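Participant: Handing you a structure now.
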């Protein structure tokens, strides 16, 4: 059932304790959202714990440093930024059909929770949570502000993507006015600009691997485990490369393919008008109009053919 | 003399016609500012012309397309985003000592104009012009909004840099609310993400050329004319590479050196705390705390030694 702020407030104020689920391959928005909700619940005197199928990447330490919370049998289950229970990984079996409240902004949200606070016009789940906290009359803490800013900035591509609205900028202005002592530019630097020497080299290598299809309208980069081990990089280090696939002026769709232990994770990006969420849905995935994904098993060459065909249908 | 909005308004409303000078190596902010002022003057029934030492790069065609204006002998001279008359290039001799109004946000502004509207807390000169238009009660046109958004976005690194304030976000929110039909994400894509195949290759090449000094605290990339001709790139195509010099986590200062016909253009970037404007001032240049520059003649190796020494003094 879709709910509004008022019902979400009622739910949060009345829960005894909660486990907060974020999605696998966690990004700034789900981590920020998870720890922001934890902080808000703490202000209400409610114990909670943030969980994720994967470890949180090291560069988010400044958000997770307070700790995810000790283990306990939760009375309430909250999912943040999780469009589909499949994205819970190992937690799907335990909590997939027990989610009481889901807070999300993905248009592909499967409406799997008992109550869903969904705002598809928000650039980030963290933007929804800011509005919710404001609605509830809760003054967010400095740490909560850091969580929310990071989620909004990362999910909007630092306010670059079409998901960025006037309201996104207004919320950001309010957060910045409230906590002028947060080093926002430093957060941005670590989220967007800082790279290890290895990553800079990797990016150069990936740029050499761009394959173009459909008269350059589709660009694909595919990274096999062989290439990963040759480069000495682990899965963790492959977040954030998808935009490389839409660098070229003619590119309408880009796909960054990364081999995992038993399948290929395909991250789609749209340069402008093409709705890649719709393409991904035909392949069993989903996401946003401009950034979506799906996971496919099989042989890489066959997968590429399948992807090219799916994109051809959508754009030609 | 430094002036406020009121005096700037009086000046603009009373000028008969004006030439608007932007700085050499024009960027989104000076081009946006120049054409925004031209648009505002047009709304007031005042003829104007935008001039620049260099051609405006092609990717700004959507801002300059109305034309820079026909030639005429101007009664008023306005400089936008020009901190120093030296930056006027060939127009320094003609207009350098005749500037009636300068609108700028650079702390290094030399106060060379008769009247200077300087707001060093603005992320862009375009942010100052938005505030000025609002103060004057002028409803900006759609084209003016595109100019101002582009200037603000490009000069703030798409809201990433420390120069971005709550007010920067508020102004942006207002512009976006007023003209929801502007394709802001498309502008951002062309300003920040789209690269030619050659540029992607060039970036990979430049990344291989990063030299580290002072225990990795300083990174330098230097591009000689030899390398440029080898790569078949012209001067125009070298804008925007300076951030590559502060990609590494340890980097505190980065310098992107580009050889020109008779000197080397050195673009400094600060990763966080170091004020590179101060360093550049010791070398005859200037700019912002986080992004500044200077031009030095001589032998490249000697120049590098000089630069390393100047940075060492500032950070060690």
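Chains as they are written, first to last, in the working numbering: chain P, 183 to 498; chain S, 183 to 498. Each residue gets a CB set at the ideal place from its N, CA and C atoms; glycine is no exception. In this text the structure is predicted, and so the values were computed from the model without any measurement.
(1) Bridge partners for residue 299 (chain S) per DSSP, in chain order?
(2) Alpha carbons only, please: which of P:224, P:229, P:237 and P:183 is nearest the one belonging to residue 416 (chain P)?
(3) Considering only DSSP beta bridges, list what residue 280 (chain S) is partnered with.
(4) At a Cβ cut of 8 Å, what residues of the segment 219–234 of chain P count as close to chain S, listed as they run along the chain?
(5) Where does the unbroken alpha helix (DSSP H) through residue 441 (chain S) begin, and where does it stop?
(6) So is residue 328 (chain P) buried or exposed if we call it buried at 16+ other beta carbons inside 10 Å?
(7) Go ahead and pull the three-state DSSP assignment for residue 206 (chain S).
(8) Smallest Cα separation from residue 385 (chain S): which of S:437, S:393 and S:423?
(9) Kindly indicate the opening and closing residues of the alpha helix (DSSP H) around residue 259 (chain S).
(10) Only counting the same chain, and skipping five residues up and downstream in sequence, which positions put a Cβ closer than 7 Å to that of residue 373 (chain P)?
(11) Quick one: what does DSSP say residue 468 (chain P) is sitting in, helix, strand or coil?
(12) So is residue 341 (chain S) buried or exposed if we call it buried at 16+ other beta carbons inside 10 Å?
(13) Determine, for residue 430 (chain P), whether the minimum Cβ-Cβ distance to residues of chain S falls below 9 Å.
(14) Please confirm whether residue 226 (chain P) and residue 194 (chain P) have their CB atoms less than 9 Å apart.
(15) Does the distance from the C-beta atom of residue 304 (chain P) to that of residue 350 (chain P) stay below 9 Å?
(16) Indicate whether the contact test is met: 3 or more Cβ pairs, each with one atom in the segment 425–439 of chain P and one in the segment 215–229 of chain P, closer than 8 Å.
(17) Short of 7 Å Cβ to Cβ, which residues in the segment 448–459 of chain S face chain P?
(18) Closer than 8 Å is the cut-off here; do at least three beta carbon pairs connect the segment 446–456 of chain S with the segment 471–484 of chain S?
(19) Are the segment 377–384 of chain S and the segment 376–384 of chain P in contact at 8 Å, needing three or more beta carbon pairs?
(20) Would residue 311 (chain P) and residue 215 (chain P) be called neighbours here (beta carbons separated by less than 9 Å)?
(21) For the segment 389–423 of chain P, list every residue whose C-beta sits within 8 Å of some C-beta in chain S, in sequence order.
(22) Relative to the alpha-carbon of residue 242 (chain P), which residue among P:360, P:427 and P:212 has its alpha-carbon at the smallest distance?
(23) By the 10 Å Cβ neighbour count, where 16 or more other Cβ atoms means buried, how is residue 404 (chain S) classified, buried or exposed?
(24) Going along the segment 290–302 of chain S in order, which residues come within less than 9 Å of chain P, judged by CB to CB distance?
(25) Measuring only from the beta carbon, is residue 407 (chain S) closer than 8 Å to any heavy atom that is part of the ligand MN?
(26) Assuming residue 180 (chain S) contacts residue 493 (chain S) (C-beta within less than 8 Å), just tell me the rounded distance between them.
(27) Please name the residue or residues paired with residue 452 (chain S) in a DSSP beta bridge.
(28) Under 6 Å Cβ to Cβ from residue 393 (chain P), same chain only, skipping five residues before and after it: list those, please.
(29) Inspect the beta-carbon positions of residue 388 (chain P) and residue 439 (chain P) and report whether they are closer than 9 Å.
(30) At 9 Å on the CB atoms, spell out the chain A contacts of residue 377 (chain P), in chain order.
(31) How long is the line joining the alpha carbons of residue 321 (chain P) and residue 263 (chain P), rounded to whole angstroms?
(32) Assuming contact is defined by CB atoms lying nearer than 9 Å, are residue 286 (chain S) and residue 307 (chain S) in contact in what I supplied?
(33) Please report how far the alpha carbon of residue 272 (chain S) lies from the alpha carbon of residue 481 (chain S), in whole angstroms.
(34) With 9 Å as the threshold, decide whether the Cβ of residue 239 (chain S) is near any Cβ in chain P.
(35) Quick check: residue 496 (chain P) and residue 367 (chain S), are their CB atoms within less than 9 Å of each other?
(36) Can you tell me where the beta strand (DSSP E) with residue 476 (chain S) in it begins and where it stops?
Facilitator: Answer, in terms of the structure:
(1) In the second chain, the residue the question calls residue 299 (chain S) occupies position 117. Looking at the DSSP assignment, residue 299 (chain S) forms a beta bridge with S:285.
(2) Counting from 1 along the first chain, the entry for residue 416 (chain P) is found at position 234. It is P:237 whose Cα lies nearest to the Cα of residue 416 (chain P).
(3) The count along the second chain starts at 1 and reaches residue 280 (chain S) at position 98. Residue 280 (chain S) pairs with nothing; no bridge assigned.
(4) none
(5) On the second chain, residue 441 (chain S) is found 259 positions in, with the first residue counted as 1. Here residue 441 (chain S) belongs to no alpha helix (DSSP H); instead the beta strand (DSSP E) covers 435–441.
(6) Taking the first chain and counting its residues from 1, the one referred to as residue 328 (chain P) is at position 146. Buried, since its Cβ has 16 or more Cβ neighbours within 10 Å.
(7) Here residue 206 (chain S) corresponds to residue number 24 of the second chain, with the count starting at 1. Three-state DSSP puts residue 206 (chain S) in coil, outside helix and strand.
(8) By 1-based counting over the second chain, the position of residue 385 (chain S) is 203. It is S:423.
(9) For the purposes of this step, residue 259 (chain S) is taken as the residue at position 77 of the second chain. First-last for residue 259 (chain S): 258–262, but that is the beta strand (DSSP E), not the alpha helix (DSSP H).
(10) If you number the first chain from 1, residue 373 (chain P) lands on position 191. Excluding positions up to five away in sequence, the list reads 210, 332, 335 and 336.
(11) Counting from one through the first chain, the residue named residue 468 (chain P) turns up at place 286. Strand at residue 468 (chain P).
(12) Along the second chain, one-based indexing puts residue 341 (chain S) at 159. Per the 10 Å Cβ criterion, buried.
(13) Working through the first chain from its first residue, we reach residue 430 (chain P) at position 248. With 9 Å as the cut-off, residue 430 (chain P) counts as an interface residue toward chain S.
(14) Taking the first residue of the first chain as 1, we reach residue 226 (chain P) at position 44. Taking the first residue of the first chain as 1, we reach residue 194 (chain P) at position 12. Yes. Within cutoff.
(15) To locate residue 304 (chain P), count along the first chain from 1; it is residue 122. To locate residue 350 (chain P), count along the first chain from 1; it is residue 168. In this structure, residue 350 (chain P) lies closer than 9 Å to residue 304 (chain P) by Cβ.
(16) no
(17) 453 and 454
(18) yes
(19) no
(20) The residue given as residue 311 (chain P) occupies position 129 in the first chain. The residue given as residue 215 (chain P) occupies position 33 in the first chain. In this structure, residue 215 (chain P) lies closer than 9 Å to residue 311 (chain P) by Cβ.
(21) 389, 390 and 392
(22) Start at 1 with the first residue of the first chain, and residue 242 (chain P) comes out as number 60. Checking every option, the nearest Cα to that of residue 242 (chain P) belongs to P:212.
(23) Your numbering for residue 404 (chain S) matches position 222 in the second chain. So residue 404 (chain S) ends up on the buried side.
(24) none
(25) In the structure on display, the ligand MN does not appear, and there are no ligands present to speak of.
(26) Nothing can be reported for residue 180 (chain S), as the shown portion of chain S is limited to 183 through 498.
(27) Position 270 of the second chain, counted from the start, is the residue given in the question as residue 452 (chain S). According to DSSP, residue 452 (chain S) bridges with S:435.
(28) The residue you call residue 393 (chain P) lines up with position 211 of the first chain. Result list for residue 393 (chain P): 402, in chain order.
(29) Mapped onto the first chain, residue 388 (chain P) falls at position 206. Mapped onto the first chain, residue 439 (chain P) falls at position 257. Contact: no.
(30) The structure shown contains no chain A; the protein chains it does contain are P and S.
(31) On the first chain, residue 321 (chain P) is found 139 positions in, with the first residue counted as 1. On the first chain, residue 263 (chain P) is found 81 positions in, with the first residue counted as 1. If I take the Cα positions, the gap works out to 22 Å.
(32) If you number the second chain from 1, residue 286 (chain S) lands on position 104. If you number the second chain from 1, residue 307 (chain S) lands on position 125. For residue 286 (chain S) and residue 307 (chain S), yes; Cβs fall inside 9 Å.
(33) Stepping through the second chain from its first residue, residue 272 (chain S) is reached at position 90. Stepping through the second chain from its first residue, residue 481 (chain S) is reached at position 299. Approximately 25 Å, taken between the alpha carbons.
(34) Position 57 of the second chain, counted from the first residue, corresponds to residue 239 (chain S). Taking Cβ atoms only, chain P never reaches closer than 9 Å to residue 239 (chain S), which makes this a no.
(35) Indexing the first chain from 1 puts residue 496 (chain P) at position 314. Indexing the second chain from 1 puts residue 367 (chain S) at position 185. No, these two residues do not count as a Cβ contact at 9 Å.
(36) Here residue 476 (chain S) refers to the residue found at position 294 when the second chain is read from its first residue. It spans 473–478 - the beta strand (DSSP E) in which residue 476 (chain S) sits, taken as one unbroken run.
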